Every structure is written in structure tokens, then in C-alpha cells.
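In mature numbering (1 follows the signal peptide of the UniProt record, and there is no 0), the protein residues as written are -21 to -1, 1 to 334. Note that the Cβ used here is the ideal one computed from N, Cα and C, for glycine as well. Computed from a predicted model, the values in this text were never measured in an experiment. Data block below; observations after.
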């Protein structure tokens, strides 16, 4: 993928082909467990713990030929037509005694009663452009993508994924400044992670072996500046991005490291923050997403009326859950992360306890 911009903007999603449109919606937590049908297809358990939202057809394989809307019985997303699956790794807190505790998630601003999960944006023009005119194509059935580098442990490693960031939330609505590494101070309202996916498609492949090569960031400039797509990836797509709010404030105590470093660790052992990543599998019903992409609307209406879509209540979203298939403790105080991972600070030692 081509490298995104070094400049990072405050977060809001804008979406429409005409003026003044924003789409922002929430998906409550579907399940938390070690499954990853993109990176570890068919593996039960997968290498590390994820939190997944969306349709309850989610499984360890996710065959791209399957019709997710028809296979799903419910979705944890606000749009009743959205049976896609969106997922990220899970955050853990490392205490001074070396044990780990899972960090719970919060429901984000305007979705406080949601059970954790992600806030999803589909963007088609820059946040500051109130005259949204760009035409973007909806994803197609079978489409999926991944962004990030699980092995990144330095800012140089993560340079091509500068749009994967953290915000130390001083207030509930804080969206800046953004950093590429974990915050190293106690954040009064928690930590927000933002995952922005690339926006240029090769126009041919719904997936690729690394789940990234069929997509690209703009050839020059940025998504926000309207940078052109490269010839190899000429089709401009909506930018999908996630906001995840982690309730780190419950760990704002004496267990923080004395050396001023961050106590947080991703479920795959990354203790720097540079290895953050996200996964996406398209699963909208019929032309629902394209209708939303073409509809004029403000974000506070979520385009339901304008696009002839149905919005679920928070209670309906929270009710859509999936029982776990991996029997293991992911929530207690643990001597090692599920899968045998240990905190890796990029100093050259193996982070995996079982290797």
C-alpha cells in the first residue's frame, strides 16, 4: 500500500455525494475470543484475542462465497442492514507484578449505553469539506481487507500506517492530539484507538493474499486532501475507519510503571502501540451501503430516512451476541496473554512464552 499522510486530522466521518453529509454509527460487541478468519483462517483458536462486532454469521473461516446477510440472524450494528464484521485486537493492562488484565471497552460519545464495540465511519471526502461531492463505490460481496503490521515495534516500522493512531482522552469528546504509540500518561477518560483503512481499490480483486495489496492509500497527498489514486488502484472507495474507546481510567492507579512507560499491551504482545491493526469483511444487505453513500444527510440522522434504511436501538444492538467457541480465561489476572504472549517492547527478545 502507498503511505498515508503524516498529517492527522480530528475525527469525524463525512459521507455523501452531495452537500453536508456524515455517516457515523455504532456496533456493540458481538464476541471477544481468539478467532481471526483473515489472518488465521480456520484456526481455532487463532494466535491472539480479538473483539468482533457485526453480524452473527462470524466464524473461523468466513468463506468469501457465503451470503452473510442471509446467514446472519442478527447484527450488533446500528444499521439493521449491516451484517459486516469489523474487528481489532484486545488491549491488556500489565501490572507491576507482571500479570495482565483485559481492558474493557466503552460505548463512545452518543453511544454510552452500548456494550463496548466500535464506532464505524464511512467517509468519502475530507472532514473540513462541507460540500461533499465525491462519488464513491460501495464494496461488493466477498470484499475484505486488513490494515496494519502486527510486527511493528518502532515508528519506522509503522511509518506506512500513520493513520492508525491513539488519543489520550482528557475529556469524553477529545479527538486530538493523535500519536502512533501508546500514550505514556494516565488518560482521564480513557484511550481511543483509530483505524483508518485505505481508499483506493485495484478494481479487480475482492481480496489478496496479504489482505492489503488490492487496496492502496492515495499516490500523493492524502485522503483528506483529495490525493489521486495510483494507476494500479484507480477506483476510489469510501474510507472505513473505526473508533474504539478503551476504559483505561480504571487502571489509573499505583500499578503504573515507575519509569514513565505505558503499561498497556495488545493481545499479540505489542507493548509499543505500533503494531495496531484492523480487519474488515463486507456484509451489507443488497444495495443498502450504496444507498447510504448516495444519500444527502447529516450524521445525527445516520441517513436512515434519506436512504430508506432501518436503525436498531441500542438495546437491539446489545442483544446480538455470539457464544464463544474457545474455552479459556481472557478476563482474569493472567500470568501471560492468551496464546502464550508476553509484552514485547521491541528489544529483540521473543514475546511468545511458549516458543
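- By DSSP's assignment, residue 58 forms a beta bridge with 290.
- The bridge partners DSSP lists for residue 127 are 256.
- Under the three-state reduction of DSSP, residue 47 is assigned to helix.
- Residues 36 of the same chain have their beta carbon placed closer than 7 Å to that of residue 50, with the five preceding and five following residues left out of the count.
- Scanning 7, 38 and 23 for the CA closest to the CA of residue 260 turns up 38.
- Its Cα nearest to that of residue 240, the residue 322 stands out among 322, 246, 190 and 30.
- Excluding residues up to 5 positions away in sequence, 78 lie with their Cβ nearer than 7 Å to the Cβ of residue 314 in the same chain.
- Approximately 7 Å separates the beta-carbon atoms of residue 63 and residue 34; this is inside 8 Å, confirming the contact.
- Judged by DSSP secondary structure, residue 68 falls within the beta strand (DSSP E) whose first and last residues are 64 to 68.
- With respect to the C-alpha of residue 233, the residue from 40, 165, 156 and 135 having the closest C-alpha is 165.
- Taking a C-beta distance under 7 Å as the contact criterion, residue 4 and residue 99 qualify as a contact pair.
- For residue 159, the secondary structure class from DSSP, reduced to helix, strand or coil, is coil.
- Short of 7 Å from the beta carbon of residue 253, and not among the five residues preceding or following it, lie these beta carbons of its own chain, in chain order: 131, 132, 133, 134, 136, 137, 159 and 160.
- Residue state for residue 229 is assigned as helix, using DSSP reduced to three classes.
- Between residue 66 and residue 74, the alpha-carbon positions lie close to 26 Å from each other.
- Excluding residues up to 5 positions away in sequence, 289 and 291 lie with their Cβ nearer than 6 Å to the Cβ of residue 59 in the same chain.
- DSSP, read as helix, strand or coil, puts residue 84 in strand.
- Per DSSP, the continuous alpha helix (DSSP H) segment holding residue 271 begins and ends at 267 to 272.
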